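S.K.: Submitted below is the structure of interest, expressed as structure tokens.
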Amino acid sequence: MMPDWLTWLLIGTALGFVLENGGLANPRKLTGVFLLRDFTVPQVMPTAILTAMGGMLVLSLLGFDTGKAFTPDTMYLGQAFGGFIFGVGFYLGGYCPGTSMVALGSGRLDALPFMAGMIAAWHAWDPIRKLDVLRPFFTKAPDARDTIPELVGLDPRVLAAGLFALGGAAILWLYRRSVRGAAPA
Amino acid sequence: MIAPEKGRSYWNPYVAGAALGIVVTVSFAAGHYFGASRVFATAAKWLGDRGTNLNHWMTWEVIGLCIGGALGGLLARRWGMMRGFGGRRRVVAAVVGGGLVMLGSRFAAGCTSGLAVTGGIRMSVGAYVFMGAMFLGGFAAAAVFRRLWS
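Keeping their order, the protein sequence lines are chains R and A. With my numbering applied, the first sequence corresponds to residues 1 to 185, in that order. With my numbering applied, the second sequence corresponds to residues 1001 to 1150, in that order.
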């Protein structure tokens, strides 16, 4: 068996390669959606999510216990507030944490001040994160559901299969349209 | 669509998305999810406390992201040092932006990779709350700082 570190180094390399080729190491493309100039992010993200939903269904048919896979907790306040300032930072900084690393590899040195900002902010954050006033941000509501299938009372595999079929058809249609419309580069 | 500054064109975004989804599926099959912000938080902690353990699967994955970015850029002849580097204004915006991204990812306990994409696949409620808020934040910042990327 491959050592663990090598497995994750290779998976990371594959992810970085795909992200760079998709243009997601280019801060102008990453922020383009917020200026309504470039729609790469809202095209890549749903396609990736739907493809992996299909992939997870295949894994569960192959006998993988996909129910045990990581699922984030629902903390409405933290995720809504955190998401908002994350979005502001994403636009100003031009990157998110993962894409800043891909961008650095592709030679973009402006990823370095972005990373310096992240590291500095962690040091500002660490002493205040345990303050009582911040506790509501990280408290999981007792009745909160972690997943949409739980929230609407559907079997997760049925919902994933439905989304994959409908979303996949929509994306196939959009893909064919984008290929027809594109001038050869 | 914004084209690269030089070298070959980017892949069709739907092709890139499908490829990304396949690699993320492989990483689920290998036992973990896709994440990134945690590595930067751990690295920051390590700077203050050298006893912090950096040997974590996600650290290796994030180092891989850098290698993959280099491979992608070099093979398509897009690799370059100062593309789109806007001088002092760009540096200040990058530092401030990086800081807000770190704070946001700590409040939300995740970022675009570990919360939005991974949680999106798991149909997590929090992931979609985060994504919606992230787009709102990005549009609000773009409305105020419209000329930053012009």
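Ideal placement from N, C-alpha and C gives every residue a C-beta, glycine not left out. Here the structure is a predicted model, which means the values were calculated and not measured.
Counting only C-beta atoms, is A:T1112 closer than 9 Å to chain R at any point?
M.R.: By one-based count along the second sequence, residue 1112 of chain A stands at place 112. Closer than 9 Å to some Cβ of chain R, the Cβ of A:T1112 qualifies, so yes.
S.K.: Identify the continuous alpha helix (DSSP H) that holds R:K29 and give its terminal residues.
M.R.: In the first sequence, the residue the question calls residue 29 of chain R occupies position 29. It spans P27 to G32 - the alpha helix (DSSP H) in which R:K29 sits, taken as one unbroken run.
S.K.: Are there 16 or more other CB atoms within 10 angstroms of the CB of A:N1055, so buried, or fewer, so exposed?
M.R.: Against the second sequence, residue 1055 of chain A aligns to sequence position 55. Exposed, since its Cβ has fewer than 16 Cβ neighbours within 10 Å.
S.K.: Is the segment 1127–1143 of chain A close to the segment 166–174 of chain R, with three or more CB pairs under 8 Å?
M.R.: Not touching, per the Cβ criterion.
S.K.: Give me the subset of the segment 1085–1108 of chain A whose CB atoms are less than 7 Å from a CB atom of chain R, sorted by chain position.
M.R.: Those residues of the segment 1085–1108 of chain A that come within reach of chain R (Cβ to Cβ, closer than 7 Å) are F1085, R1090, V1091, A1093, A1094, V1095, V1096, G1097, G1098, G1099, L1100, V1101, M1102, L1103, G1104, S1105, R1106, F1107 and A1108.
S.K.: Taking all protein chains shown into account, decide if A:H1032 is buried (16 or more other Cβ within 10 angstroms of its Cβ) or exposed.
M.R.: The count along the second sequence starts at 1 and reaches residue 1032 of chain A at position 32. Result: buried.
S.K.: If A:A1094 and R:G117 are in contact, beta carbons under 8 Å, what's the gap, nearest whole angstrom?
M.R.: Here residue 1094 of chain A corresponds to residue number 94 of the second sequence, with the count starting at 1. Here residue 117 of chain R corresponds to residue number 117 of the first sequence, with the count starting at 1. About 6 Å; that satisfies the 8 Å criterion.
S.K.: Does the beta-carbon of R:A185 have 16 or more other beta-carbons within 10 angstroms, so that it is buried, or is it exposed?
M.R.: Reading the first sequence from its first residue, position 185 is the one you call residue 185 of chain R. Its pLDDT being 47, under 50, R:A185 is placed unreliably by the model, and the measurement read from it follows with that caveat. The residue is exposed, with fewer than 16 neighbouring Cβ atoms inside 10 Å.
S.K.: Check the Cβ of A:N1053 against every Cβ in chain R and list those closer than 9 Å, keeping chain order.
M.R.: What you label residue 1053 of chain A is simply residue 53 of the second sequence in a count that begins at 1. Ordered by position in chain R, no residue passes the 9 Å Cβ test against A:N1053, which lies about 13 Å from the chain.
S.K.: Check whether the Cβ of A:R1050 lies closer than 9 Å to any Cβ atom in chain R.
M.R.: Numbered from its first residue, the second sequence carries residue 1050 of chain A at position 50. Not one chain R Cβ lies under 9 Å of A:R1050.
S.K.: Quick one: is R:G63 buried, meaning 16 or more other Cβ sit within 10 Å of its Cβ, or exposed?
M.R.: Counting from one through the first sequence, the residue named residue 63 of chain R turns up at place 63. Exposed, because fewer than 16 other Cβ atoms sit within 10 Å of the Cβ of R:G63.
S.K.: Report buried or exposed for R:D110, applying the criterion of at least 16 other Cβ atoms within 10 angstroms of its Cβ.
M.R.: Taking the first residue of the first sequence as position 1, residue 110 of chain R is located at position 110. Buried, because 16 or more other Cβ atoms sit within 10 Å of the Cβ of R:D110.
S.K.: Could you run through the segment 1113–1130 of chain A and flag, in chain order, every residue whose CB is less than 9 Å away from some CB of chain R?
M.R.: Under the 9 Å Cβ criterion, the segment 1113–1130 of chain A contributes S1113, G1114, L1115, A1116, V1117, T1118, G1119, G1120, I1121, R1122, M1123, S1124, V1125, G1126, A1127, Y1128, V1129 and F1130.
S.K.: Please compile the residues from chain R whose C-beta is within a distance smaller than 7 Å of the C-beta of A:G1007.
M.R.: Position 7 of the second sequence, counting from 1, holds the residue named residue 1007 of chain A. Here the premise fails: no neighbours, minimum Cβ distance about 10 Å.
S.K.: What did DSSP end up calling A:S1124 once you bin it into helix, strand or coil?
M.R.: Position 124 of the second sequence, counted from the first residue, corresponds to residue 1124 of chain A. Strand, per DSSP.
S.K.: Take the Cβ of R:I128 as the centre, count every other Cβ of all protein chains shown within 10 Å, and call the residue buried at 16 or more, exposed below.
M.R.: On the first sequence, residue 128 of chain R is found 128 positions in, with the first residue counted as 1. Label assigned to R:I128: exposed.
S.K.: Considering only their Cβ atoms, is the gap separating R:G22 from A:A1109 smaller than 9 Å?
M.R.: If you number the second sequence from 1, residue 1109 of chain A lands on position 109. If you number the first sequence from 1, residue 22 of chain R lands on position 22. No, Cβ-Cβ distance for A:A1109 and R:G22 is not below 9 Å.
S.K.: May I ask which residues mark the beginning and end of the alpha helix (DSSP H) holding R:Y91?
M.R.: To locate residue 91 of chain R, count along the first sequence from 1; it is residue 91. That run of the alpha helix (DSSP H) goes Y76 to G93.
S.K.: Per DSSP, R:T147 forms a beta bridge with which residues?
M.R.: For the purposes of this step, residue 147 of chain R is identified with residue 147 of the first sequence, where counting begins at 1. In the DSSP output, where bridge partners are listed per residue, R:T147 has A:S1124.
S.K.: Quick one: which chain R residues come within Cβ less than 8 Å of A:R1077?
M.R.: Reading the second sequence from its first residue, position 77 is the one you call residue 1077 of chain A. In chain order: nothing, as chain R lies at least about 11 Å away.
S.K.: In the structure shown, what three-state DSSP assignment does A:W1079 receive?
M.R.: Taking the first residue of the second sequence as 1, we reach residue 1079 of chain A at position 79. Reduced to three states, the DSSP call for A:W1079 is coil.
S.K.: Which residues of chain A have a Cβ atom closer than 8 Å to the Cβ of R:R129, listed in chain order?
M.R.: Translated into the one-based positions of the first sequence, residue 129 of chain R becomes position 129. Those are R1106, listed as they occur along chain A.
S.K.: With distances taken Cα to Cα, identify the nearest neighbour of R:T66 among R:I148, R:T74 and R:L57.
M.R.: In the first sequence, residue 66 of chain R corresponds to position 66, counting from 1. The shortest C-alpha separation from R:T66 is found at R:L57.
S.K.: For the segment 1051–1069 of chain A against the segment 75–87 of chain R, do three or more pairs of beta-carbon atoms, one drawn from each stretch, fall closer than 8 Å, so that the two count as touching?
M.R.: The segment 1051–1069 of chain A is not in contact with the segment 75–87 of chain R.
S.K.: Do we get a CB-CB distance below 9 Å when we pair R:A120 with the residues of chain A?
M.R.: As a position in the first sequence, residue 120 of chain R is number 120, starting the count at 1. With 9 Å as the cut-off, R:A120 counts as an interface residue toward chain A.
S.K.: What residues from the segment 145–167 of chain R come within 9 Å of chain A, judged by C-beta to C-beta, listed N to C?
M.R.: Cβ contacts with chain A: R145, D146, T147, I148, P149, E150, L151, P156, L159, A160 and L163.
S.K.: What does the Cβ neighbour count give for A:A1143, buried or exposed, with the cut at 16 atoms within 10 Å?
M.R.: Residue 1143 of chain A sits at position 143 when you count from the first residue of the second sequence. With fewer than 16 Cβ atoms within 10 Å of its Cβ, A:A1143 is classed as exposed.
S.K.: If we cut at 9 Å on Cβ distances, does R:M75 have a partner in chain A?
M.R.: The sequence position of residue 75 of chain R within the first sequence is 75, counting from 1. Taking Cβ atoms only, chain A reaches closer than 9 Å to R:M75, which makes this a yes.
S.K.: Look up R:S178 in the DSSP assignment and say whether it is helix, strand or coil.
M.R.: Within the first sequence, the letter at position 178 stands for residue 178 of chain R. Correct three-state label for R:S178: helix.
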